Amino acid sequence: MMKQITILFITLCTLHGIIIAQNKQTVYTHATLHIGNNQVITNGILAIKNGKIKAASSTYTPLATDSVIDATNQHIYPGIIAPYITLGLTEVDAVRSTIDFAEAGSINPHVRAQIAYNTDSKIIPTVRSNGVLIVQSTPRGGLISGQSSVMSLNGWNWEDATIKADDGVHINWPSLLVASGWSELGPTGWEKNKNYETQLQTLTQFLYEAKAYNKTATTTINNQKLKAMKEVFDGNKRVYVYANSAKEITEAITLLLKLEVKYPVIIGGAEAYKVPELFTKNNIPIIIGRTHALPYKEDADIYANTKLANELKNKNILFAISDEGDMEAMQARNLPFQAGTTVAFGLTTEEALQAVTLNTAKIMGIDANYGSLEIGKNATFFISTGDALDAKSNNVTTAYTNGLVVDLNNHQKELYGKYATKFGLKKQ
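All letters in the sequence shown, in the order written, are residues 415 to 842 by the working numbering.
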């Protein structure tokens, strides 16, 4: 009996210690705070408690009970958010059994990325070590790929990692042009898509059928594909449409407005600058593609991708930056640097940061809790000794998701350490 009482006493003491540790406020002082909303606070103080940001200013006075950490000469940023990406759904592009982002068939709105998200992916630690802490894990393929989910890069399983389940349905608008051939460098030429009208008719017909199906109060027909579109037409989910040419963008937005879709979002949008009024008039945001890529068309300005962000900003269009493209899951770690490149083409450093933090959070509908270092938001941020948007100086030393410390180690760092030690090299 005494033994059981002793064990119970020790357990209660341990739990009491854990609760005290969780309730204790952590305060970083003398840091440069990049809030994420185009604000910078020098010699700033960031306080977090119970997974929330309690203070982000230059005037806060730490309490005697706070755990104070000196962050002199360090920069604190909100966690980078990578939208429209297959991270968590793929491991090795060359091994089909590890690819879980594309389903058979052309119309798959009922497919959900959330339950396929693999928190044990070896790619994830390499990405979060650069400050990318949140992703929109997205299915691909067909005319309607399925539903994405916003996921944390720090979680035990897909349930634990979920930030926003099934945030939207992804549509691939039929392309006017298709590649006529391929090489290791990409398409070798382009030709008119002979199936464009057929694909467009198939997509349009399905969307009208889905709207009609979900307007019916009672139905004896149980169609999972049509049912999956209900929250889109109810205004509770976004519709992300991948389209690049001005004509494709115009047709996509026109149809979605006709169908009374409340939250359309354009992805890609290489020629969005040609039809800015469609975005501003209808308050439609855009997620542009990677800046470190060749332009959409062969005869376009070689810097078209890097100039697009500034062009959209000047037109007052809400935009975010993605890393969509070849090997995107592995390349997601470079998203901060994709944003950094836009600084040389018109954006300020803080505007570039906003394009991969707060803007992205707004577009996906998670800005109440993520995207910036503001009081009341979840403590999801990282600390770097250098500029997080600069590949040469970025050096992430600490990261938090929802107030929990993130392990920044990964197998690449382990191999680096192993062989640096073996050959007596100085670690950088």
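By construction, the Cβ of each residue, glycine as well, lies at the ideal position given by its N, Cα and C atoms.
Source: prediction; values computed, not measured.
Roughly how many whole angstroms lie between the Cα atoms of residue i and residue j?
i, j, result
"L772", "A470", "16 Å"
"H448", "I490", "6 Å"
"K438", "V482", "11 Å"
"Y627", "L640", "7 Å"
"K711", "A593", "12 Å"
"A435", "K827", "At A435, the pLDDT of 45 sits below 50, so the modelled position is not reliable and the matter cannot be decided from this model."
"F795", "K776", "17 Å"
"Y610", "V583", "21 Å"
"N464", "W570", "19 Å"
"A723", "I702", "8 Å"
"I513", "S786", "33 Å"
"A805", "E623", "48 Å"
"T402", "D534", "Residue 402 lies beyond the range of the chain shown here (415 to 842); nothing can be said about it."
"N642", "N522", "For the sequence presented, residue 642 should be read as Ala rather than Asn. In a straight line, the C-alpha of A642 is about 9 Å away from that of N522."
"A707", "A714", "12 Å"
"R747", "Y677", "28 Å"
"K695", "T668", "12 Å"
"N658", "A684", "5 Å"
"L590", "T446", "47 Å"
"S511", "Y531", "14 Å"
"F837", "T812", "28 Å"
"E742", "G555", "15 Å"
"L477", "L803", "33 Å"
"T664", "G595", "27 Å"
"K606", "G739", "22 Å"
Please name the residue in the options whose C-alpha comes closest to that of residue i.
i, options, result
"N697", "S559, L670, N609 and L547", "L670"
"F620", "Y610, T630, L557 and V592", "L557"
"P553", "T576, W570 and D580", "D580"
"A734", "S511, L761, I537 and E605", "L761"
"Q613", "K651, E662 and T630", "E662"
"T475", "H444, Q752, N487 and T486", "H444"
"G649", "K629, T811, T812 and D514", "K629"
"Q503", "K729, I701, S551 and P492", "Checking the displayed sequence, the identity of residue 503 turns out to be Leu instead of Gln. Nearest of K729, I701, S551 and P492 to L503, Cα basis: S551."
"I455", "Q638, T473, A478 and A746", "T473"
"V843", "I797, E738 and S736", "Past the boundaries of the shown model lies residue 843; the chain is included only from 415 to 842, so the question cannot be answered."
"P492", "V770, Y830 and I702", "V770"
"A660", "R704, F693, T633 and V653", "F693"
"G519", "D740, K791, G560 and N730", "G560"
"G382", "D737, N730 and F515", "With the chain running from 415 to 842 in the structure shown, residue 382 is simply not present."
"I494", "T486, P750 and N730", "P750"
"V506", "G450, I537, Y531 and D480", "I537"
"D821", "R704, G545 and N452", "G545"
"L617", "N792, Q638, N637 and W587", "W587"
"Y717", "E788, N636, A758 and V679", "A758"
"E788", "N451, Y442 and T440", "N451"
"Q453", "Y784, T774, E765 and K836", "E765"
"V675", "V653, T664 and V689", "V653"
"P690", "T705, R704, N728 and P709", "N728"
"D484", "K721, Q615 and T440", "T440"
Contact defined as beta carbons within less than 8 Å: I believe residue i pairs with residue j. What is the distance between those atoms, to the nearest angstrom?
i, j, result
"L547", "S566", "7 Å"
"K468", "I459", "Not really, about 10 Å apart at Cβ, beyond 8 Å."
"I585", "Y498", "Not quite, the Cβ-Cβ distance comes to about 12 Å (not below 8 Å), so this is no contact."
"N568", "T815", "4 Å"
"E517", "V509", "That pair is no contact at about 18 Å."
"A753", "L767", "7 Å"
"G790", "K466", "6 Å"
"G817", "A782", "That pair is no contact at about 16 Å."
Identify every residue that forms a DSSP beta bridge with residue i.
i, result
"E605", "V592"
"L460", "Y442 and A470"
"F795", "P492 and Y814"
"K578", "V564"
"G682", "A657 and I702"
"R652", "G582"
"I483", "Y442"
"L447", "I455 and I490"
"I395", "Because residue 395 is not part of the residues shown, which for the chain are 415 to 842, the question remains open."
"T504", "I513"
"F733", "I700"
"R526", "Q561"
For residue i, I'd like the list of residues in its chain whose CB is within less than 8 Å of its CB, leaving aside the five on either flank, ordered along the chain.
i, result
"K578", "S563, V564, M778, G779 and I780"
"I529", "W572"
"V679", "G582, R652, V653, Y654, V655, I698, P699, I700, I701 and I777"
Excluding the 5 residues preceding and the 5 following residue i in the sequence, name in chain order all residues of the same chain whose CB lies nearer than 6 Å to its CB.
i, result
"E725", "Y687"
"G800", "S807, N808 and N809"
"K841", "A834"
"V549", "A496, I499, L501 and M565"
"T774", "I495, P497 and A734"
"F515", "T500, L503, T504, P553 and R554"
So, at 7 Å on beta carbons, what are the nonlocal neighbours of residue i in its own chain, with the 5 sequence-adjacent residues on each side left out?
i, result
"N824", "P539, T540 and S543"
"K625", "F647 and L673"
"E645", "K651"
"M744", "I537"
"N730", "T694"
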